[in-house]
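*Asks:* If you read the protein sequences in the order shown, they are chains A and B.
Per my numbering, residue 3 is the first one in the first sequence, and the count goes up by one each step.
Per my numbering, residue 3 is the first one in the second sequence, and the count goes up by one each step.
Backbone N, C-alpha and C fix where the C-beta goes; we use that ideal spot for every residue, glycine too.
Got a structure for you, written out below as structure tokens; questions coming shortly.
There are 2 protein chains.
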Amino acid sequence: MNIQVIAIGKTDSKALALLISEYAKRLGHYVNFEMLWLPDIKNTKALSEKNQKLQESQLILKKVKPSDHLILFDEKGKTYSSVDFSEHLQKRMNSGLKQLIFVIGGPYGFDESLYQRAQEKISLSKMTFSHQMVRLLVVEQIYRAFTILRNEPYHHR
Amino acid sequence: MNIQVIAIGKTDSKALALLISEYAKRLGHYVNFEMLWLPDIKNTKALSEKNQKLQESQLILKKVKPSDHLILFDEKGKTYSSVDFSEHLQKRMNSGLKQLIFVIGGPYGFDESLYQRAQEKISLSKMTFSHQMVRLLVVEQIYRAFTILRNEPYHHR
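Structure, rendered in structure tokens:
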């Protein structure tokens with residue numbers, strides 16, 4: 003199974019981009035992993051929040067194949083412990099999926115079209131973190147999941 | 003009111019340390035803010051998890067004054083949305099506290115002595131993140147809280 007993380011816009015902070023790519027590299031030892039940073043929507047200042055969300059979601063949907071399993075990170079999503087998340091990931095891998103895509107929204111979240119397409123929603127926290135920082139949390143959590151499944155010492159139970 | 007964040011050990015990743023100090027600097031515009039990275043416990047490989055937790059907690063307790071209000075980040079803590087957290091912080095500031103201390107545990111959490119001393123426990127997420135990454139989440143969240151209280155555009159409601 004391939005795992006892809008999709009987000010809109012490049013990661014502004016070099017330090018953050020570096021940390022994210024470190025985890026992505028480590029993840030590559032366990033699974034076919036790819037991060038897809040889609041280009042920013044232009045002229046967002048001239049757009050309503052609703053319109054920005056719509057354009058971002060359309061951009062993301064163009065990258066999704068019919069067979070892909072889509073998981074959105076969303077504040078209204080299901081919460082998991084890291085161990086539960088790793089078991090959930092294992093189940094998805096066992097189900098014969100070709101590709102699992104995790105999607106990180108922009109500052110205003112997702113358009114309804116993306117909610118309709120997605121199979122699952124996961125919430126990282128009741129708290130809001132910067133959507134750029136969420137990228138780091140997501141790759142770290144997927145990496146952690148694999149170390150849990152492999153019984154490696156990264157995660158302390 | 004002063005706000006202090008205490009954690010054990012320096013932040014290993016330079017990129018992470020840079021991000022943390024950026025938020026700490028921004029926070030300094032709103033409040034007397036200080037981060038206290040206590041030295042690592044030596045020879046942890048020779049210690050049981052329980053002993054490491056004990057020594058770490060003793061080190062932290064030495065830094066705490068009787069009048070300090072202590073909040074631990076702990077997986078069994080209360081969860082807040084960012085807006086609720088900002089209101090909670092406001093209440094603490096209104097109560098005439100001299101110093102509020104947030105404590106981030108090591109990889110194994112806290113010793114019972116620290117649980118006894120602390121007034122509150124807050125959980126960032128059901129998921130576990132690296133305890134070094136938690137430092138970034140904590141400073142970002144305190145920063146976010148102040149931008150919410152000041153009605154500044156950093157947080158999108």
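What is the residue span of the alpha helix (DSSP H) that VAL7 of chain A lies within?
*Replies:* Here residue 7 of chain A refers to the residue found at position 5 of the first sequence. First-last for VAL7 of chain A: 4-10, but that is the beta strand (DSSP E), not the alpha helix (DSSP H).
*Asks:* Can you give me the C-alpha to C-alpha distance between LEU116 of chain B and GLU89 of chain B, rounded to a whole angstrom?
*Replies:* As a first step, residue 116 of chain B is located in the second sequence; it is residue number 114 there, counting from the start. As a first step, residue 89 of chain B is located in the second sequence; it is residue number 87 there, counting from the start. Rounded to whole angstroms, LEU116 of chain B to GLU89 of chain B spans 25 Å at the Cα level.
*Asks:* DSSP three-state label for MET135 of chain B, please.
*Replies:* Stepping through the second sequence from its first residue, residue 135 of chain B is reached at position 133. The answer is helix: DSSP assigns MET135 of chain B an H, G or I state.
*Asks:* For a test of the three-state rule: what should DSSP assign to HIS71 of chain B, helix, strand or coil?
*Replies:* Residue 71 of chain B sits at position 69 when you count from the first residue of the second sequence. Three-state DSSP puts HIS71 of chain B in a strand.
*Asks:* Thinking C-alpha only, which one of B:ARG159, B:PHE35, B:SER125 is nearest GLU77 of chain B?
*Replies:* Counting from 1 along the second sequence, the entry for residue 77 of chain B is found at position 75. When only C-alpha atoms are compared, the closest one is B:SER125.
*Asks:* State the DSSP-derived secondary structure class of MET129 of chain A, mapped to helix, strand or coil.
*Replies:* Within the first sequence, the letter at position 127 stands for residue 129 of chain A. Three-state DSSP puts MET129 of chain A in coil, outside helix and strand.
*Asks:* Beta-carbon of HIS71 of chain A versus every beta-carbon of chain B: anything under 8 Å?
*Replies:* Working through the first sequence from its first residue, we reach residue 71 of chain A at position 69. By this cut-off, HIS71 of chain A is not an interface position.
*Asks:* On the three-state DSSP scale, how would you describe ASN34 of chain A?
*Replies:* Here the question's residue 34 of chain A lines up with position 32 in the first sequence. Strand, per DSSP.
*Asks:* Let me make sure I understand the geometry here. Which of A:HIS71, A:GLN143, A:TYR82 has the alpha-carbon closest to that of MET95 of chain A?
*Replies:* Numbered from 1 along the first sequence, position 93 holds the residue referred to as residue 95 of chain A. That would be A:HIS71, whose Cα lies nearest to the Cα of MET95 of chain A.
*Asks:* Give me the Cα-Cα distance between LEU4 of chain A and ILE10 of chain A, rounded to the nearest whole angstrom.
*Replies:* The residue given as residue 4 of chain A occupies position 2 in the first sequence. The residue given as residue 10 of chain A occupies position 8 in the first sequence. The identity of residue 4 of chain A in the sequence shown is Asn, whereas the question assumes Leu. Distance between the alpha carbons of ASN4 of chain A and ILE10 of chain A: 20 Å.
*Asks:* Go through its chain and collect everything with a Cβ distance to ASN53 of chain B's Cβ below 6 Å, but skip five positions before and after it.
*Replies:* Within the second sequence, the letter at position 51 stands for residue 53 of chain B. So no residue of the chain qualifies.
*Asks:* For SER84 of chain A, I'd like the list of residues in its chain whose CB is within less than 8 Å of its CB, leaving aside the five on either flank, ordered along the chain.
*Replies:* Numbered from 1 along the first sequence, position 82 holds the residue referred to as residue 84 of chain A. Contacts found: GLN143, ARG146, ALA147, ILE150, HIS157.
*Asks:* Determine the closest residue to GLY30 of chain B out of B:ASN153, B:LEU56, B:PRO41, B:GLN6, with distance taken between C-alpha atoms.
*Replies:* Numbered from its first residue, the second sequence carries residue 30 of chain B at position 28. GLY30 of chain B has its Cα closest to that of B:GLN6, out of B:ASN153, B:LEU56, B:PRO41, B:GLN6.
*Asks:* Just the Cα atoms here: how many angstroms apart are ARG137 of chain A and LYS16 of chain A?
*Replies:* Taking the first sequence and counting its residues from 1, one reaches residue 137 of chain A at position 135. Taking the first sequence and counting its residues from 1, one reaches residue 16 of chain A at position 14. Straight-line Cα distance between these residues: approximately 13 Å.
*Asks:* Can you tell me which of A:ALA26, A:LEU56, A:TYR32 puts its alpha carbon nearest to the alpha carbon of GLN118 of chain A?
*Replies:* For the purposes of this step, residue 118 of chain A is taken as the residue at position 116 of the first sequence. Answer by Cα proximity: A:LEU56.
*Asks:* Can you have a look at GLU177 of chain A and say buried or exposed, based on whether 16 or more other CB atoms are within 10 angstroms of its CB?
*Replies:* Nothing in the structure corresponds to residue 177 of chain A, since chain A is present only between 3 and 159.
*Asks:* List the endpoints of the continuous beta strand (DSSP E) containing PHE112 of chain A.
*Replies:* Your numbering for residue 112 of chain A matches position 110 in the first sequence. Note, PHE112 of chain A: premise wrong, no beta strand (DSSP E); not H, not E.
*Asks:* Looking at the structure shown, is ASP86 of chain A part of a helix, part of a strand, or coil, going by DSSP?
*Replies:* In the first sequence, the residue the question calls residue 86 of chain A occupies position 84. Of the three classes helix, strand and coil, the one that applies to ASP86 of chain A here is helix, per DSSP.
*Asks:* Pick helix, strand or coil for GLU51 of chain B, following the three-state DSSP scheme.
*Replies:* Here residue 51 of chain B corresponds to residue number 49 of the second sequence, with the count starting at 1. Looking at GLU51 of chain B - three-state DSSP - the assignment turns out to be helix.
*Asks:* Find the residues of chain A that neighbour ARG146 of chain B, judging by a C-beta separation of less than 9 Å, and give them in chain order.
*Replies:* Position 144 of the second sequence holds residue 146 of chain B. Those within 9 Å of ARG146 of chain B in chain A are MET129, THR130, PHE131, SER132.
*Asks:* Does the Cβ-Cβ distance between ILE62 of chain B and ILE8 of chain B come in under 8 Å?
*Replies:* The residue labelled residue 62 of chain B in the question sits at position 60 within the second sequence. The residue labelled residue 8 of chain B in the question sits at position 6 within the second sequence. Closer than 8 Å, so yes.
*Asks:* What's the C-alpha gap between GLN60 of chain B and THR130 of chain B?
*Replies:* Against the second sequence, residue 60 of chain B aligns to sequence position 58. Against the second sequence, residue 130 of chain B aligns to sequence position 128. Cα to Cα, the separation comes out at about 24 Å.
*Asks:* Answer yes or no: does any C-beta atom of chain A fall closer than 8 Å to that of LEU20 of chain B?
*Replies:* Within the second sequence, residue 20 of chain B is the residue found at index 18, counting from 1. Answer yes: the Cβ-Cβ gap between LEU20 of chain B and chain A drops below 8 Å somewhere.
*Asks:* How close, in whole Å, do the beta carbons of PHE112 of chain A and LEU74 of chain A come, if the pair is a contact with beta carbons under 8 Å?
*Replies:* Counting from 1 along the first sequence, the entry for residue 112 of chain A is found at position 110. Counting from 1 along the first sequence, the entry for residue 74 of chain A is found at position 72. Indeed, because the Cβ distance is near 6 Å, the residues count as touching under 8 Å.
*Asks:* Would you report the Cα separation of PRO68 of chain B and ARG159 of chain A, rounded to the nearest angstrom?
*Replies:* By 1-based counting over the second sequence, the position of residue 68 of chain B is 66. By 1-based counting over the first sequence, the position of residue 159 of chain A is 157. So the alpha carbons of these two residues sit roughly 33 Å apart.
*Asks:* Taking all protein chains shown into account, decide if ALA120 of chain B is buried (16 or more other Cβ within 10 angstroms of its Cβ) or exposed.
*Replies:* Your numbering for residue 120 of chain B matches position 118 in the second sequence. The residue is buried, with at least 16 neighbouring Cβ atoms inside 10 Å.
*Asks:* Is it buried or exposed for GLY98 of chain B, if we count other Cβ within 10 angstroms and need 16 for buried?
*Replies:* Indexing the second sequence from 1 puts residue 98 of chain B at position 96. Exposed, by the Cβ-count rule.
*Asks:* Among B:ALA26, B:LEU20, B:GLU122, which residue has its Cα nearest to the Cα of LEU102 of chain B?
*Replies:* Indexing the second sequence from 1 puts residue 102 of chain B at position 100. When only C-alpha atoms are compared, the closest one is B:GLU122.
*Asks:* Buried or exposed for LEU38 of chain B, please, with buried defined as at least 16 other CB atoms from any protein chain shown within 10 angstroms of its CB.
*Replies:* Locating residue 38 of chain B in the second sequence gives position 36, where the first residue counts as 1. Answer is exposed; the Cβ neighbour count stays below 16.
*Asks:* Considering only C-alpha positions, which residue in the set B:ILE43, B:ASP86, B:GLU154 is nearest to GLY108 of chain B?
*Replies:* Sequence index remark: in the second sequence, residue 108 of chain B carries index 106 (1-based). If we check each option's Cα against that of GLY108 of chain B, B:ILE43 comes out closest.
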